[in-house]
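Chemist: Handing you a structure now.
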Amino acid sequence: MSFERTQEKLKILADAAKYDVSCASSGSKRSNTSKGLGDATGMGICHSYTEDGRCVSLLKILLTNYCIFDCAYCVTRKSNDIKRAAFQVQEVVDLTINFYRRNYIEGLFLSSGIFKSADYTMERLVAVAKKLRLEENFNGYIHLKSIPGASDELMKEAGLYADRLSVNIEIPTKEGLKLLAPEKNREDFIKPMVKVKNEIIQHKSERKIIKSTPKFAPAGQSTQMIIGASGESDQQIMWTSNYFYKKFNLKRVYYSGYIPISYDSRLPQIGTDVPMLRENRLYQTDWLMRFYGFEVHEILNSEHQNLDLDVDPKLGWALRNMEHFPIDVNKADKFMLARIPGLGMKSVYKILQARQFRKLNWEHLKRMGVALNRAKYFLVCDSRDFERRDLTSPQLKSIILQNSTSKYHKVLSPQLNLFG
1 MSFERTQEKL KILADAAKYD VSCASSGSKR SNTSKGLGDA TGMGICHSYT EDGRCVSLLK
61 ILLTNYCIFD CAYCVTRKSN DIKRAAFQVQ EVVDLTINFY RRNYIEGLFL SSGIFKSADY
121 TMERLVAVAK KLRLEENFNG YIHLKSIPGA SDELMKEAGL YADRLSVNIE IPTKEGLKLL
181 APEKNREDFI KPMVKVKNEI IQHKSERKII KSTPKFAPAG QSTQMIIGAS GESDQQIMWT
241 SNYFYKKFNL KRVYYSGYIP ISYDSRLPQI GTDVPMLREN RLYQTDWLMR FYGFEVHEIL
301 NSEHQNLDLD VDPKLGWALR NMEHFPIDVN KADKFMLARI PGLGMKSVYK ILQARQFRKL
361 NWEHLKRMGV ALNRAKYFLV CDSRDFERRD LTSPQLKSII LQNSTSKYHK VLSPQLNLFG
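By UniProt numbering, the letter at position 341 of the sequence shown is numbered 341, and the numbering carries on one by one without gaps.
In structure tokens:
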């Protein structure tokens with residue numbers, strides 16, 4: 001095939017892949033062996049950052065943008081009049097190896113529209129990963145998108161060659177999926193997740209006894225949902241995330257703000273994009289659930305169904321629960337320290353360690369990197385000074401906002417009120 005045609009395919013299928021935001025540091029530990037190509041140890045994907053601060057990238061494409069489904073929210077839906085293209089398996093293998101050798105990428109993120117059937121598509125995705133591993137001896141990062149409805153046999157094979165697998169649940173609720181993608185069944189999204197979860201558990205168990213047992217999806221599995229296409233509240237979205245984290249041991253849930261692309265009456269109007277700040281607040285809530293010990297019902301409930309866009313979720317919780325404050329940093333346990341606005345988990349651990357040797361004051365906290373511009377209103381330490389001065393929650397919120405800056409400040413628009 002000519003260079004021009006390959007270049008055209010790459011342009012079309014790389015552009016179509018940009019709507020998938022399931023990109024993060026991989027957490028994979030696949031090391032280079034037998035003088036092979038690449039090394040996924042500590043590496044990540046999609047211009048993301050590893051734990052040590054390195055920026056990494058990968059080739060992110062669709063195998064094809066042909067699709068048998070007509071999901072209202074999807075740019076590659078079968079009724080959409082767009083340029084179509086499809087890579088052959090060997091073309092993707094060649095592109096990956098050539099890009100890697102030129103130091104353009106450190107791995108592959110491969111998804112696809114569904115053509116013919118779920119198994120037919122998944123079989124070709126697996127074939128790409130298999131060829132890279134066995135024929136090209138490629139040890140770089142590989143992330144495969146699992147196709148909803150694919151057989152257990154194909155999912156098992158995929159996990160033997162990919163570092164991470166992910167199935168996009170697409171819409172947060174069954175009702176939303178039925179409205180915008182009536183041809184799809186929620187159970188088809190669940191089935192591959194169940195298989196991957198069980199295989200990961202089984203392989204980890206077997207490796208404890210037989211060290212030669214091959215790794216299975218060592219970076220785990222993730223999912224993604226579209227935000228703002230079907231009208232769900234932040235409360236519904238985070239309950240869905242919580243369910244998938246606990247039920248399927250997911251590594252990450254990604255939130256992708258819907259970008260209106262059609263005049264379909266079921267969808268938001270063109271020009272009413274979901275604010276980036278709403279995505280940011282959802283990720284912050286996700287972080288609080290996974291690492292700070294918060295439960296969904298504490299942050300979002302029937303009275304507060306959507307996140308406050310003015311302040312981050314932890315500060316919002318604190319302002320609604322002032323009876324818990326001030327917290328004494330020299331006495332409180334890890335659980336309560338983690339709930340002080342301005343204290344990250346690194347600061348919490350520093351406090352727990354340092355207070356074994358002496359009582360901490362404001363200067364100590366400042367040296368630890370605590371964000372005192374907000375934390376000072378919610379804690380007491382080895383000092384007579386206390387900053388709250390019996391302020392009400394609205395007064396305290398106003399003071400903190402006046403003294404804070406945000407990278408989102410200039411892009412806030414009236415449409416944010418829709419989610420307040």
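Note that beta-carbon positions come from the ideal geometry of N, C-alpha and C, so glycine has one too. As the structure is a computational prediction, the values presented were derived from the model and not from experiment.
Specify whether the stretch 55 to 69 and the stretch 101 to 108 touch according to this definition: at least 3 beta carbon pairs, one from each stretch, less than 8 Å apart.
Modeler: As far as the Cβ criterion goes, the stretch 55 to 69 touches the stretch 101 to 108, which means the pair count is three or higher.
Chemist: Assign E170 to one of three DSSP states: helix, strand, or coil.
Modeler: Position 170 of the sequence shown, counting from 1, holds the residue named residue 170. Strand, per DSSP.
Chemist: Could you tell me the alpha carbon to alpha carbon distance between I226 and K331, rounded to whole angstroms?
Modeler: Translated into the one-based positions of the sequence shown, residue 226 becomes position 226. Translated into the one-based positions of the sequence shown, residue 331 becomes position 331. Answer to the nearest angstrom: the Cα atoms are 43 Å apart.
Chemist: Any contact of the stretch 312 to 329 with the stretch 251 to 270, i.e. 3+ C-beta pairs under 8 Å?
Modeler: No, the stretch 312 to 329 does not touch the stretch 251 to 270.
Chemist: Which word fits T64, buried or exposed, when buried means at least 16 other C-beta atoms lie within 10 angstroms of its C-beta?
Modeler: Translated into the one-based positions of the sequence shown, residue 64 becomes position 64. T64 is buried by the Cβ-count criterion.
Chemist: With a threshold of 16 other CB atoms inside 10 Å of the CB of H143, please say whether the residue is buried or exposed.
Modeler: By one-based count along the sequence shown, residue 143 stands at place 143. By the 10 Å Cβ count, H143 comes out buried.
Chemist: Per the DSSP calculation, Q221 is bridged to which residue(s)?
Modeler: For this step, residue 221 is matched to residue 221 along the sequence shown. L165, per the DSSP bridge assignment.
Chemist: Rounded to a whole number of angstroms, what is the C-alpha to C-alpha distance between A150 and H304?
Modeler: Taking the sequence shown and counting its residues from 1, the one referred to as residue 150 is at position 150. Taking the sequence shown and counting its residues from 1, the one referred to as residue 304 is at position 304. Going by the C-alpha atoms only, they are around 38 Å apart.
Chemist: What are the boundary residues of the alpha helix (DSSP H) that includes L95?
Modeler: By one-based count along the sequence shown, residue 95 stands at place 95. 89 to 101 is the span of the alpha helix (DSSP H), which, as asked, contains L95.
Chemist: For M276, count neighbouring Cβ atoms within 10 angstroms of its own Cβ and tell me buried if that reaches 16, exposed if not.
Modeler: In the sequence shown, counting from the first residue as 1, residue 276 sits at position 276. Under this definition M276 is an exposed residue.
Chemist: Please report the distance separating the alpha-carbon of I45 from that of L179.
Modeler: Taking the sequence shown and counting its residues from 1, one reaches residue 45 at position 45. Taking the sequence shown and counting its residues from 1, one reaches residue 179 at position 179. Any reading at I45 needs caution, since the residue's pLDDT is 37, under 50, leaving its predicted position unreliable; the model's value is listed next. Those two C-alpha atoms are separated by around 33 Å.
Chemist: Mind checking which residues open and close the alpha helix (DSSP H) that includes S398?
Modeler: As a working mapping, residue 398 is identified with position 398 in the sequence shown. 393 to 402 is the span of the alpha helix (DSSP H), which, as asked, contains S398.
Chemist: For T121, I'd like the list of residues in its chain whose CB is within less than 7 Å of its CB, leaving aside the five on either flank, ordered along the chain.
Modeler: Here residue 121 refers to the residue found at position 121 when the sequence shown is read from its first residue. So the qualifying residues of the chain are S112, I114, F115, I147.
Chemist: Can you tell me whether T223 is buried or exposed, with buried defined as 16 or more other CB within 10 angstroms of its CB?
Modeler: Sequence index remark: in the sequence shown, residue 223 carries index 223 (1-based). Result: buried.
Chemist: Are there three or more Cβ pairs, one per stretch, closer than 8 Å when the stretch 118 to 133 is compared with the stretch 169 to 186?
Modeler: Touching, no.
Chemist: Quick check on the DSSP output: the beta strand (DSSP E) that includes L59 runs from which residue to which?
Modeler: For the purposes of this step, residue 59 is taken as residue 59 along the sequence shown, with counting starting at 1. Start and end: 59 to 62.
Chemist: Check this for me: beta carbons of Q235 and N280, under 8 Å apart or not?
Modeler: One-based indexing of the sequence shown puts residue 235 at position 235. One-based indexing of the sequence shown puts residue 280 at position 280. No, these two residues do not count as a Cβ contact at 8 Å.
Chemist: Do A86 and Y73 have their C-beta atoms closer together than 8 Å?
Modeler: Here residue 86 corresponds to residue number 86 of the sequence shown, with the count starting at 1. Here residue 73 corresponds to residue number 73 of the sequence shown, with the count starting at 1. In this structure, Y73 does not lie closer than 8 Å to A86 by Cβ.
Chemist: Pull up the distance between the alpha-carbon of P214 and that of Q202, whole angstroms please.
Modeler: Taking the first residue of the sequence shown as position 1, residue 214 is located at position 214. Taking the first residue of the sequence shown as position 1, residue 202 is located at position 202. Taking the straight line joining both Cα atoms gives about 11 Å.
Chemist: May I have the straight-line CA-CA distance separating D328 from L337, to the nearest angstrom?
Modeler: Looking up residue 328 in the sequence shown gives position 328. Looking up residue 337 in the sequence shown gives position 337. Cα to Cα, D328 sits roughly 9 Å from L337.
Chemist: Going by C-alpha to C-alpha distance, which of E199, A162, F294, S256 sits closest to R339?
Modeler: The sequence position of residue 339 within the sequence shown is 339, counting from 1. Checking every option, the nearest Cα to that of R339 belongs to F294.
Chemist: Does the beta-carbon of R164 have 16 or more other beta-carbons within 10 angstroms, so that it is buried, or is it exposed?
Modeler: Within the sequence shown, the letter at position 164 stands for residue 164. Buried, since its Cβ has 16 or more Cβ neighbours within 10 Å.
Chemist: Would you tell me roughly how many angstroms separate the C-alpha atoms of K366 and I259, rounded to the nearest one?
Modeler: The sequence position of residue 366 within the sequence shown is 366, counting from 1. The sequence position of residue 259 within the sequence shown is 259, counting from 1. Taking the straight line joining both Cα atoms gives about 41 Å.
Chemist: Hey, is the stretch 280 to 289 in contact with the stretch 235 to 255, meaning 3+ C-beta pairs nearer than 8 Å?
Modeler: Contact between the stretch 280 to 289 and the stretch 235 to 255 is present, because at least three Cβ pairs lie under 8 Å.
Chemist: Under a Cβ-count criterion, where at least 16 other Cβ atoms within 10 Å of its own Cβ denotes burial, should A14 be classed as buried or exposed?
Modeler: Mapped onto the sequence shown, residue 14 falls at position 14. Looking at its Cβ environment, which holds fewer than 16 other Cβ atoms inside 10 Å, A14 is exposed.
Chemist: To which residues of the same chain is G228 closer than 7 Å at the C-beta, ignoring the five residues directly before and after it?
Modeler: Translated into positions along the sequence shown, residue 228 becomes position 228. So the qualifying residues of the chain are G257, Y258, P268, V274.
Chemist: Going straight from the alpha carbon of S262 to that of N80, what length do you get?
Modeler: Here residue 262 corresponds to residue number 262 of the sequence shown, with the count starting at 1. Here residue 80 corresponds to residue number 80 of the sequence shown, with the count starting at 1. When rounded, the distance between both Cα atoms is 9 Å.
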